[in-house]
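Here the sequence shown is numbered in the UniProt record's numbering, starting from 1 and rising by one per residue. Cβ coordinates follow ideal geometry from the N, Cα and C atoms, glycine included. Notes follow once the structure below has been shown.
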Amino acid sequence: MRLYPLITAIFLSGMTFPALSQSSSDMPVPMQEKTAADLNNQEANRDFRNFLASIRPQALASGVNPQTFDRIASDLTPNPRVIQLDRNQPESPTANAVIPPFAPYAASHVDAVRIANGRKKYQALQNNLAEIEKETGVPAGIMLSIYGHESGYGQFSGNFDLLRSLATLAYDGRRRDLFVQEYIAALKILDSGIDRSLLKGSWAGATGSPQFLPSVYLRVAVDGDHDGKKNIWSSEIDALASIGNYLKTAGWQPNVPWGIAVKVPDSLDRNLIQSVTPSQKCPRVYARLSRWQPVSEWRKLGLVFMGSHMPSENESMALIEPDGAGATAWLVSANYRAILDYNCSNFYALSVGLLADAITD
Numbered sequence: 001m002r003l004y005p006l007i008t009a010i011f012l013s014g015m016t017f018p019a020l021s022q023s024s025s026d027m028p029v030p031m032q033e034k035t036a037a038d039l040n041n042q043e044a045n046r047d048f049r050n051f052l053a054s055i056r057p058q059a060l061a062s063g064v065n066p067q068t069f070d071r072i073a074s075d076l077t078p079n080p081r082v083i084q085l086d087r088n089q090p091e092s093p094t095a096n097a098v099i100p101p102f103a104p105y106a107a108s109h110v111d112a113v114r115i116a117n118g119r120k121k122y123q124a125l126q127n128n129l130a131e132i133e134k135e136t137g138v139p140a141g142i143m144l145s146i147y148g149h150e151s152g153y154g155q156f157s158g159n160f161d162l163l164r165s166l167a168t169l170a171y172d173g174r175r176r177d178l179f180v181q182e183y184i185a186a187l188k189i190l191d192s193g194i195d196r197s198l199l200k201g202s203w204a205g206a207t208g209s210p211q212f213l214p215s216v217y218l219r220v221a222v223d224g225d226h227d228g229k230k231n232i233w234s235s236e237i238d239a240l241a242s243i244g245n246y247l248k249t250a251g252w253q254p255n256v257p258w259g260i261a262v263k264v265p266d267s268l269d270r271n272l273i274q275s276v277t278p279s280q281k282c283p284r285v286y287a288r289l290s291r292w293q294p295v296s297e298w299r300k301l302g303l304v305f306m307g308s309h310m311p312s313e314n315e316s317m318a319l320i321e322p323d324g325a326g327a328t329a330w331l332v333s334a335n336y337r338a339i340l341d342y343n344c345s346n347f348y349a350l351s352v353g354l355l356a357d358a359i360t361d
């Protein structure tokens, strides 16, 4: 199973999060030097239970119902498979790493089957999607495209017990602060009325059709079908509305195309369009974008627009040439940045935009 969005950067960057309110000295010793097989012995299970007991005050102080915490903790054991998968993750690529071509990625993510299934969903859910688009400003195609990328339009979203995975990753200790917070967030989801049986996901803690971390669910999940619950697991409308709300909070601008294919003249001097302001977020991803300037300025440089979703002349856009000079290129808007906020990968963001166009065109 691939790593899911919103967590890929966490696992491949080694990023750290602010310390939680409880001192690390109050915690059992992290089990970084133990193997996954060690989790099967009684000593490890006892250490695991002690670890859960040590975070109980923090969970209750965050608003978790004591009965919820105790009921879940009493049945949990560490999951050796989660530790094995976590420790087999590839290292973060170096600055000089060779970037593979975009075309094979696009072919596997914007394929005929995914387009056809997206169009079927578009026809079946058109009225609901129109309502969500009115609420969020996010086009139906974009919401469906992310839905298709993340879970195959709801067909797969992971079978790992979410609470067990999060508790195991927190106990492991390498990203303890992050996963303690996510475990507590998952308990809050239970307290909100979501059934325990729904809380399945990837081994790394992403859950539901949008593949949200629990903290993201608490921040952006929406009751799109108005049944009183924010059910991103078995309600397509809730899942799509939550995706739309995520992008809205990430700065999506209504009535602005995500991007447009362009033909770049051979004479273009890339030094003239190089970005001079490094991004603090996902710097290697943003480094592949040019500087941002109005469409009118790009026209003056000789770019030929090839798509049908024309931006306004004043729209600020950046150039991306994923396969280098001479290959297909795109000008992308601020809405491309909103997609990057969902999953900070240029290949992902481009394929989301291209699939969205194919679904609704």
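Per-residue DSSP class, three states only, for L162: helix
Taking only beta-carbon positions, decide if S202 is within less than 8 Å of chain B. Among the chains of the structure shown, chain B does not appear; only one protein chain is present.
Can you tell me whether L340 is helix, strand or coil according to DSSP? helix
By the 10 Å Cβ neighbour count, where 16 or more other Cβ atoms means buried, how is A356 classified, buried or exposed? buried
Does the stretch 326-338 come close enough to the stretch 212-231 to have 3 or more Cβ pairs within less than 8 Å? no
Within its chain, find whatever has a CB closer than 6 Å to the CB of A318; leave out the 5 residues flanking it on each side and keep chain order. L289, S290, W292, V332
Would you call the stretch 305-323 and the stretch 110-120 touching, i.e. three or more CB-CB distances under 8 Å? no
Under the three-state DSSP convention, the category S290 falls into: strand
With DSSP as the reference, please indicate the residues paired to L319 in a beta bridge. L331
What separation, rounded to the nearest whole angstrom, lies between the Cα atoms of L340 and G137? 17 Å
Tell me the DSSP secondary structure of I99 in three-state form. coil
For L350 and I260, the rounded distance between their alpha carbons: 10 Å
CB contact flag (E236, S215, <8 Å): no
Determine the closest residue to A73 out of D47, V285, Q89, A103, with distance taken between C-alpha atoms. D47
Given the structure, does V295 come close to the ligand FMN, in the sense that its CB is under 7 Å from one of the ligand's heavy atoms? Ligands in the displayed structure: none, and consequently the ligand FMN is not present.
Applying the criterion that 16 or more other CB atoms from any shown protein chain within 10 Å of the CB defines a buried residue, is S25 buried or exposed? Caution applies to S25, whose pLDDT of 34 falls short of 50 and renders its modelled position unreliable; the value that the coordinates give is listed next. Exposed is the call here.
Buried or exposed: which applies to E315, given that a residue is buried once 16 or more other Cβ atoms fall within 10 Å of its Cβ? buried
Start and end of the beta strand (DSSP E) containing K263? 259-263
Using a 10 Å radius around the Cβ and a threshold of 16 neighbouring Cβ atoms, would you call M143 buried or exposed? buried
How would you write the range of the alpha helix (DSSP H) that D177 sits in, first residue to last? 176-191
Rounded straight-line distance, which links the Cα of R174 to that of P210: 26 Å
On the DSSP bridge list, what partners appear for F212? T207
State the DSSP-derived secondary structure class of V304, mapped to helix, strand or coil. strand
According to DSSP, simplified to helix, strand and coil, what is K134? helix
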